[in-house]
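There are 2 protein chains.
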Amino acid sequence: MVRYIGTAEMAALVGREGPEAFLIRLAGYLRADFRRWTAFDRAPRLATLSPLGVIELMPVSDAGTYAFKFVNGHPGNPRTGRLTVAAFGVLADVATGYPLLVSEMTLLTALRTAATSALAASALARPGSRTLALIGTGAQAEFQALAFKAVNGIEAVRLFDVDAGAMAKARANLEGRGLSVTCAKSVADAVRGADIVTTATADKARAKILTPDLIEPGQHLNAIGGDCPGKTELHVDILRSAAVFVEYEPQTRIEGEIQQMPADFPVTELWRVIAGETPGRTGPDQVTVFDSVGFALEDFSALRCVRDLAGPGPELDLVPDLDDPKDLFGAMLGRGRALDRAA
Amino acid sequence: MVRYIGTAEMAALVGREGPEAFLIRLAGYLRADFRRWTAFDRAPRLATLSPLGVIELMPVSDAGTYAFKFVNGHPGNPRTGRLTVAAFGVLADVATGYPLLVSEMTLLTALRTAATSALAASALARPGSRTLALIGTGAQAEFQALAFKAVNGIEAVRLFDVDAGAMAKARANLEGRGLSVTCAKSVADAVRGADIVTTATADKARAKILTPDLIEPGQHLNAIGGDCPGKTELHVDILRSAAVFVEYEPQTRIEGEIQQMPADFPVTELWRVIAGETPGRTGPDQVTVFDSVGFALEDFSALRCVRDLAGPGPELDLVPDLDDPKDLFGAMLGRGRALDRAA
Chain P
535 MVRYIGTAEM AALVGREGPE AFLIRLAGYL RADFRRWTAF DRAPRLATLS PLGVIELMPV
595 SDAGTYAFKF VNGHPGNPRT GRLTVAAFGV LADVATGYPL LVSEMTLLTA LRTAATSALA
655 ASALARPGSR TLALIGTGAQ AEFQALAFKA VNGIEAVRLF DVDAGAMAKA RANLEGRGLS
715 VTCAKSVADA VRGADIVTTA TADKARAKIL TPDLIEPGQH LNAIGGDCPG KTELHVDILR
775 SAAVFVEYEP QTRIEGEIQQ MPADFPVTEL WRVIAGETPG RTGPDQVTVF DSVGFALEDF
835 SALRCVRDLA GPGPELDLVP DLDDPKDLFG AMLGRGRALD RAA
Chain Z
535 MVRYIGTAEM AALVGREGPE AFLIRLAGYL RADFRRWTAF DRAPRLATLS PLGVIELMPV
595 SDAGTYAFKF VNGHPGNPRT GRLTVAAFGV LADVATGYPL LVSEMTLLTA LRTAATSALA
655 ASALARPGSR TLALIGTGAQ AEFQALAFKA VNGIEAVRLF DVDAGAMAKA RANLEGRGLS
715 VTCAKSVADA VRGADIVTTA TADKARAKIL TPDLIEPGQH LNAIGGDCPG KTELHVDILR
775 SAAVFVEYEP QTRIEGEIQQ MPADFPVTEL WRVIAGETPG RTGPDQVTVF DSVGFALEDF
835 SALRCVRDLA GPGPELDLVP DLDDPKDLFG AMLGRGRALD RAA
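Going down the list, the sequences are from chains P and Z. Here this note's numbering is used: the first residue of the first sequence is 535, the next is one more, and so on. Here this note's numbering is used: the first residue of the second sequence is 535, the next is one more, and so on.
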């Protein structure tokens, strides 16, 4: 039998643990897996494009466990009340090839994106960072705020969005969670004096949400909204004068902010910092950028984390359990068997 | 919600319809999809190899529907009571990227393989074929026998396997199903006078299950056991003097019997015959070979068929249903929501 975790169980799991405790736990799994980066088989994602969007399969495995995520990207979905990005994932046993877990990953992806942002900031932001500017208050916003609070000690969050309703939504959701939350009047108003700036906007085109005049020495920029070819958030001059960190360089060169830069623009893969191979931030005035596009390894960590936390529960009969592997027909369709089951 | 079909429901569905009626229905779906072959986006399969086996993701889509199959291949699995090959599949809506169906595909793959064999034989075997030789009586055997009976009018089946127990198993499973079933003493004994010969052996190495001296003019050879690099069943001289048909030429050149032949060895893709673009068998004495390795389009057809047949039933909450797509946090983890669900 294959363990199944649907959206209701995932929400209950995270709610019971508490979002912040879950994000801290998940950041620990991410840290452990980033540290053993070279133990993973990183296959390219397999994308099927259509005029309305993309469906992707993202596999990754180590010697013992295989994972993949099914994820779509359909910018027009909100017009019909659907999510732009929905996802589910599977863990399987490398030794037998049998699936072990099928899990919702829409909520889990939001959590792992935020936990990855916080993990990166713990290596790249100034020690003692307390203020977060959150530009773009869509589906990812509250997860970012709580991850930075739980993992990095952020105390104050300044929200900004061109959609006042979305900003009010994020503020209401964050109320009573131990954060000082304010709505800023502009991007500049939000960014001024912030220790960490997250950009999580959904602009399809090449945007310049942040320009060099807004950036202060020592800020850490967590750029997560630019995540596909043609979609960026930062002005190139910010990248030129910052230390830029990425998840998986070949993928980020295509999908990240650095798609705007020459192919030899220097970047550092985050795992090298987490593993202690190379320094992260090198001084209090350095501007650091985490150019994050999401990576299959993060889904692997998230699925491992939720499987361990969930324990036993609902199961799916996705693979037949046979006495004799050569007798598939007899076990499934043999006399009496099928009728027994239909009855 | 996403429709779910597990092994028990699949067995009940096929049992209720009857295996032969199901195979006829499935052959109809396969025929319809092979006819519109060029409407499909055929991505390569994505294989993750380990010392013990392989895990593959096989996607395919047309303008409206996307499908993928998760399938493993672990030759050592039977030693621990597991299947060498187990599979499940997913249908999704191209317009929204949302999953529509999650289904077991171990039984369904056995059925679609047999239905594809029968569909090919209906275009390639001599009209009036009545006798099938079935070399290799593992998990696929009974499905082959019933598909050829239902779709092609086969009346007599001669079994042969080096494993007498597996041969007895197939014979017992086929008893009382309207076929004359005999166990042959050798491959030659089984093949002599047969109209159609299926080879479904599991030999890992380059085998020569069939040699030219055994083959009679006009026979149709359905070679389904050789399906990966290094694994073949037919002597090259059989291929040299036969008309060879394949599913998808680039894949079969690597995985099929024709991996033994030069890259310019002539083959015909089956869909061209099904679509009426090119003739199949051109005379009563011609030896025809269907060099079948399995193709993602067949899984697409099988998932469509079973979805249509199954109708409403069990569902999975694999994707959240939100009032406001920007308010993932509030809907899943907002005050009261998570606790409500956990209670």
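Glycine included, each C-beta is placed from N, C-alpha and C at the ideal position. Being a predicted model, the structure only gives us computed values, none of them experimental.
Hey, is residue i's beta-carbon within less than 9 Å of any beta-carbon in chain Z?
{"i": "residue 832(P)", "result": "no"}
{"i": "residue 726(P)", "result": "no"}
{"i": "residue 622(P)", "result": "yes"}
{"i": "residue 869(P)", "result": "yes"}
{"i": "residue 591(P)", "result": "yes"}
{"i": "residue 606(P)", "result": "yes"}
{"i": "residue 545(P)", "result": "yes"}
{"i": "residue 584(P)", "result": "yes"}
{"i": "residue 703(P)", "result": "yes"}
For residue i, decide whether its Cβ has a neighbour in chain P, counting only Cβ atoms nearer than 9 Å.
{"i": "residue 696(Z)", "result": "no"}
{"i": "residue 667(Z)", "result": "no"}
{"i": "residue 796(Z)", "result": "no"}
{"i": "residue 561(Z)", "result": "no"}
{"i": "residue 756(Z)", "result": "no"}
{"i": "residue 612(Z)", "result": "yes"}
{"i": "residue 656(Z)", "result": "no"}
If you follow the beta strand (DSSP E) that residue i is in, where does it begin and where does it stop?
{"i": "residue 856(P)", "result": "Where residue 856(P) is concerned, there is no enclosing beta strand (DSSP E), given that its DSSP letter is neither H nor E."}
{"i": "residue 613(Z)", "result": "Where residue 613(Z) is concerned, there is no enclosing beta strand (DSSP E), given that its DSSP letter is neither H nor E."}
{"i": "residue 700(P)", "result": "Run containing residue 700(P): none in the beta strand (DSSP E); it sits in the alpha helix (DSSP H), 698-708."}
{"i": "residue 623(Z)", "result": "621-627"}
{"i": "residue 740(P)", "result": "740-744"}
Between residue i and residue j, what straight-line distance do the alpha-carbon atoms span, to the nearest angstrom?
{"i": "residue 773(P)", "j": "residue 682(P)", "result": "23 Å"}
{"i": "residue 824(P)", "j": "residue 546(Z)", "result": "52 Å"}
{"i": "residue 778(P)", "j": "residue 799(P)", "result": "9 Å"}
{"i": "residue 868(P)", "j": "residue 650(P)", "result": "50 Å"}
{"i": "residue 565(P)", "j": "residue 816(P)", "result": "20 Å"}
{"i": "residue 554(Z)", "j": "residue 596(P)", "result": "42 Å"}
{"i": "residue 690(P)", "j": "residue 643(P)", "result": "24 Å"}
{"i": "residue 769(Z)", "j": "residue 693(Z)", "result": "20 Å"}
{"i": "residue 771(Z)", "j": "residue 561(Z)", "result": "31 Å"}
{"i": "residue 584(Z)", "j": "residue 606(Z)", "result": "11 Å"}
{"i": "residue 742(Z)", "j": "residue 766(Z)", "result": "7 Å"}
{"i": "residue 806(Z)", "j": "residue 706(Z)", "result": "38 Å"}
{"i": "residue 704(P)", "j": "residue 832(P)", "result": "25 Å"}
{"i": "residue 820(P)", "j": "residue 731(P)", "result": "14 Å"}
{"i": "residue 620(P)", "j": "residue 761(P)", "result": "15 Å"}
{"i": "residue 876(P)", "j": "residue 647(P)", "result": "Because residue 876(P) sits at a pLDDT of 44, beneath the cut-off of 50, its placement in the model cannot be relied upon, and the following sentence gives the value as read from the coordinates. When rounded, the distance between both Cα atoms is 44 Å."}
{"i": "residue 592(P)", "j": "residue 834(P)", "result": "10 Å"}
{"i": "residue 797(Z)", "j": "residue 673(P)", "result": "52 Å"}
{"i": "residue 657(P)", "j": "residue 710(P)", "result": "28 Å"}
Could you please give me the residues that DSSP links to residue i through a beta bridge?
{"i": "residue 715(Z)", "result": "691(Z)"}
{"i": "residue 594(P)", "result": "576(P), 601(P)"}
{"i": "residue 762(P)", "result": "765(P)"}
{"i": "residue 538(Z)", "result": "636(Z)"}
{"i": "residue 772(P)", "result": "In the DSSP output, where bridge partners are listed per residue, residue 772(P) has none listed."}
{"i": "residue 823(P)", "result": "755(P), 778(P)"}
{"i": "residue 606(P)", "result": "589(P)"}
{"i": "residue 731(Z)", "result": "667(Z), 755(Z)"}
{"i": "residue 850(Z)", "result": "536(Z)"}
Which residues in the same chain as residue i place their Cβ atom closer than 6 Å to its Cβ, once the five residues preceding and following it in sequence are excluded?
{"i": "residue 624(Z)", "result": "602, 633, 636"}
{"i": "residue 782(P)", "result": "829"}
{"i": "residue 826(Z)", "result": "758"}
{"i": "residue 652(P)", "result": "561, 681, 682, 685, 686"}
{"i": "residue 715(P)", "result": "691, 705, 708"}
{"i": "residue 814(P)", "result": "657, 658, 807"}
{"i": "residue 865(P)", "result": "856"}
So, for residue i: in the same chain, excluding its five sequence neighbours on each side, which residues have a beta-carbon less than 7 Å away from its beta-carbon?
{"i": "residue 610(Z)", "result": "586"}
{"i": "residue 626(P)", "result": "600, 632, 633, 634"}
{"i": "residue 638(P)", "result": "539, 540, 541, 544, 622"}
{"i": "residue 679(P)", "result": "666, 668, 691, 708, 713"}
{"i": "residue 874(P)", "result": "Any reading at residue 874(P) must be qualified, since the residue scores a pLDDT of 46, below 50, and its modelled position is unreliable; the value itself is stated next. Once the five neighbours on either side are set aside, residue 874(P) has no close Cβ partner at all."}
{"i": "residue 849(Z)", "result": "535, 536, 537, 538"}
Going by beta carbon distance, what residues of the same chain come within less than 8 Å of residue i, once the five residues before and after it are set aside?
{"i": "residue 702(Z)", "result": "717"}
{"i": "residue 859(P)", "result": "none"}
List the endpoints of the continuous alpha helix (DSSP H) containing residue i.
{"i": "residue 888(P)", "result": "Limits of chain P in this structure are 535 at one end and 877 at the other, which puts residue 888(P) out of reach."}
{"i": "residue 555(P)", "result": "553-569"}
{"i": "residue 784(Z)", "result": "783-789"}
Is there a C-beta anywhere in chain B that falls below 9 Å from the one on residue i?
{"i": "residue 633(P)", "result": "Looking for chain B here will not work: the only protein chains present are P and Z."}
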